[in-house]
Amino acid sequence: MYPAAEKSEKGVREYTRLYEAYRLPHDEVIMRVCIQYADSYK
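Take any residue in the sequence shown, note its place counting from 1, add 37, and you have its number in my numbering.
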């Protein structure tokens with residue numbers, strides 16, 4: 038598996054865990070995930 042894909046997979050799991058823990062509004066979670074991905078590809 039490509040390192041970038043592996044990294045993003047870990048990120049998805051982490052954000053899923055945070056979402057379940059804090060029950061953030063779904064739009065906010067999506068926004069944070071998008072920002073995380075954008076930062077990782079700079």
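A virtual CB, placed ideally from N, CA and C, is assigned to each residue, including glycine.
Please report the distance separating the alpha-carbon of residue i from that of residue j.
i, j, result
"valine 49", "valine 70", "8 Å"
"tyrosine 56", "tyrosine 78", "23 Å"
"glutamate 51", "glutamine 73", "11 Å"
"glutamate 46", "threonine 53", "11 Å"
"alanine 85", "aspartate 76", "The chain is shown only over 38 to 79; residue 85 falls outside these bounds and no answer can be derived."
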